[in-house]
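For reference, the structure discussed in these notes is given below.
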Amino acid sequence: MSRAPRMVVIEPTGVRREVTVSTTPFKMGRQAGTELTLRDSRISRIQAQINAEEGAYFIEDLGSRHGTFVNGQRVTRQVLQAKDTIDFGVPDSYRLIFMGLEASLDDLLERVEKIVPTGAEAGEGSLAARQGGRELYHLGVLLEVARVLHSGMTLEDVLTSVVDAAIQVTRTERGVLLLPDAANELQPRVARDARRGTLQPSDIDISSSVLKQVSQSRKELIITDVGDAPDIRQQASVVRLALHTVIAIPLIKLPVMGSHDTTAYGKPIELFGMLYLDSHASGSAFSELDHEVLRSLAIEATTVIENAKLFAASREKERLEHEMKIAYEIQQQLLPRQIPQSEHFSVLGLNIPCYSVGGDYYDVIELPRGRRGFVVADVSGKGISAALLASMLQGVFSATAGMDTPLDVIASRVNKYLCERSSDDRYATLFYGVLDPSGHMDYINAGHVAALVRTTMGQVYPLASDNSPVGMFDFAEYHADRAQLQPGDFVVIYTDGISEARNVRDDMFGEYGLRELVKKFTDGTVTELAEAIQKGVRDFISTAPQADDMTLLIVHYHGPSDSQQDASTPRPS
């Protein structure tokens, strides 16, 4: 009976299955009743078909909307070769891999078993013929496993093929492939019998002592007659199950030698799992060839498992990076897109997170009578958790400050809100100042680093207070202070990621370093002062990595308007 070609169908979810092109024409499309139904509304009802002509197989597009593609090229009619990839012109949809007439494991073993002499035939043949037949048998098994490894099948399918091949090689009754769970305990992943049937977990009873011995020693255990192994013979599970053949092969990554300075060391051998086989029948002599084939299967299984773990880790890393990128974009969008400027003062803000997202934020709030509110906050911690709390704090603070209530009331309400909705170890420091056109600046400092005021005379003084951070104590009370700015004064509000920046020698930039830098700044704009501070910090830390989020908000007070100035100047009598 002639064999039919096979195809691997990869569904949009990533699930893979194998189908046989059992009849031609072999139609495929989203319409029910086709030989291969593709459940995707973007695919045509009858998309394409496969025909057989003079021993070759052709795929033919049937006027589909988005086209049929073979190896990325749109085709109308194309002869198919083994390993050709077929898709249908739409992203994240079905994909087919045409496997052609490659033999399945059943086909190979059937053909090999016809060659290998058995029973009386084996006794009549020469030893060389029997040995040659056995080698051919093993070769067939290894070739089929190699084919499966490169067929694009799922991890489960590949491991199942490895277990089936191991049972064939060892002539045992059942085989189990065990993988470590989250607690690093070996658990059955694939269990098969000699008839290639799947065993249920309830049907599996494995000697725990065998698993423990092989796991600890990282060495294979092969017993073909339990009666000759005193250390195994007494094990309760082995005796109860009346096992005469027990084989356990650890799936390990070969040790890698590393070096540190002049000392060589061996890295620990990682256990990826275990291949376990047993039988109630007494085992025949286990040849070196049997050993080698079984070890090869174990190596292949280890490689597949390791690659799957690496691939899963890579996909998880890509997913996390994608989510972090989205989180970063959202957090940046929460910052002021355009800072509201005024004829009375110029403002510039910047935020440089330590990771993709951070716990710092700044904001500028428009208030009645030409006033502006300036806030810089620093949430404890870093990363996603700090960013979430920072976003919550930004929302509640903006809403509360926008009501234009006294600063001590704003701080008390925000503190109560955070205490009710965050854990004890989550709090935030913040500085909030409200500047009016006349230069009066009311401010409240809740445990934050002191903002700096640089006067036109080059003097620098801090705006500090003894308030506690918000979200730390629900009983905390807050009080505000006032400063009077003169035309030309700068206010530098920042987070401790700037003052506590460290270089490779672990020296800290410090508040003193920032003060000196601001003091030396000559007349200029808020942009020039921000650039000078950034450059000063970068030059100090040099090649050291950024250790904390950095946020900076600079206000340059220009003074009252002419009309305000005239109104405040006494008229001569």
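Residue numbering for the sequence shown follows the numbering used here, beginning at -13 and increasing consecutively.
Note that the Cβ used here is the ideal one computed from N, Cα and C, for glycine as well.
List the DSSP bridge partners of Leu164. Pro174, Met260
Close-in-space but distant-in-sequence residues of the same chain around Ile540 (CB under 6 Å, 5 per side omitted):
Leu334, Val478, Val512, Leu515, Ala516
> What is the rounded straight-line gap between the Cα of Ile233 and the Cα of Lys69?
Replying inline: 36 Å
**Message:** Between the alpha carbons of Ile209 and Leu283, how many angstroms are there, rounded?
**Reply:** 18 Å
Point to revise | Whole-angstrom distance between Glu(-3) and Val343, CA atom to CA atom | key: 35 Å
Query raised in the report: Along the chain, where does the alpha helix (DSSP H) that runs through Met378 open and close?
Result: 369 to 387
Considering only the beta carbon of each residue, do Ile190 and Pro166 sit closer than 8 Å? no
Please go through the same chain and pick out, in chain order, the residues whose beta-carbon is closer than 8 Å to the beta-carbon of Tyr543, but skip the five residues on each side of it. His330, Phe331, Leu421, Gly425, Leu471, Gln472, Pro473, Gly474, Asp475, Phe476, Val477
- Would you say Ala385 and Ile351 are within 8 Å of each other, going by their C-beta atoms? no
Worksheet entry | Rounded C-alpha distance that separates Asp26 from Arg81 | 12 Å
- Task: Check whether the stretch 520 to 540 touches the stretch 478 to 488, counting contact only when three or more Cβ pairs, one atom from each stretch, lie closer than 8 Å.
- Result: yes
Does Pro339 pass the burial test, meaning 16 or more other C-beta atoms within 10 Å, or should it be called exposed? buried
Cβ atoms of Ala436 and Ala450: under 8 Å apart, would you say? yes
Legend entry - Cβ neighbours of Gly419 in the same chain (closer than 6 Å, five flanking residues each side left out): Phe360, Met427, Tyr429
Which residues in the same chain as Gly369 place their Cβ atom closer than 7 Å to its Cβ, once the five residues preceding and following it in sequence are excluded? Tyr341, Val343
Are there 16 or more other CB atoms within 10 angstroms of the CB of Gly345, so buried, or fewer, so exposed? buried
When burial is assigned at 16 or more other CB atoms within 10 Å of the CB, is Gln64 buried or exposed?
buried
Report task. Determine contact between the stretch 494 to 513 and the stretch 296 to 315, defined as no fewer than three beta-carbon pairs at a distance below 8 Å. Result -> no
Taking the straight line between their C-alpha atoms, what separation do you get for Thr(-1) and Leu503? 57 Å
Practice task
Under 8 Å by Cβ, that's how I've got Asn37 and Pro11 pegged, so tell me the actual separation to the nearest angstrom.
Solution key: 5 Å
- When the Cα atoms are used, what is the spatial distance from Gln324 to Arg358? 14 Å
| said: Using CA atoms only, rank isn't needed, just tell me which of Leu438, Tyr447, Leu257 is closest to Ser203. | reply: Leu257
Hey, how far is the Cα of Asp73 from the Cα of Val362?
53 Å
- Item | Beta-carbon separation (whole angstroms), Gly259 vs Leu163, contact threshold 8 Å | 6 Å
Inset, instruction - Compute the distance between the beta-carbons of Tyr413 and Met378, then report whether it is under 8 Å. - result: no
Three-state secondary structure assigned by DSSP to Tyr563: Lying before the first or after the last residue shown, residue 563 is absent from the chain, which here runs from -13 to 559.
In chain order, what residues of the same chain lie with their CB nearer than 8 Å to the CB of Leu320, ignoring the 5 residues before and after it?
Tyr347, Ser377, Gln380
Can you give the beta carbon distance from Arg178 to Asp150, rounded, assuming they're within the 8 Å contact cut?
6 Å
Check the Cβ-Cβ distances between Phe360 and every residue of chain B, and say whether any is below 8 Å.
No chain B appears in this structure, which consists of one protein chain only.
- Bridge partners - Tyr447, DSSP secondary structure assignment: Val439
Note down the Cα distance separating His230 from Glu286, rounded to an integer number of angstroms. 27 Å
Determine the DSSP secondary structure at Val149, reduced to helix, strand or coil.
-> helix
**OP:** Please list the segments of the beta strand (DSSP E) lying wholly inside the stretch 331 to 373, counting only runs of 3 or more residues, in order along the chain.
**Re:** 331 to 338, 346 to 352, 358 to 365
Phe507 in three-state terms, based on DSSP | coil
Beta-bridge partners of Leu421, as assigned by DSSP
Arg358, Met427
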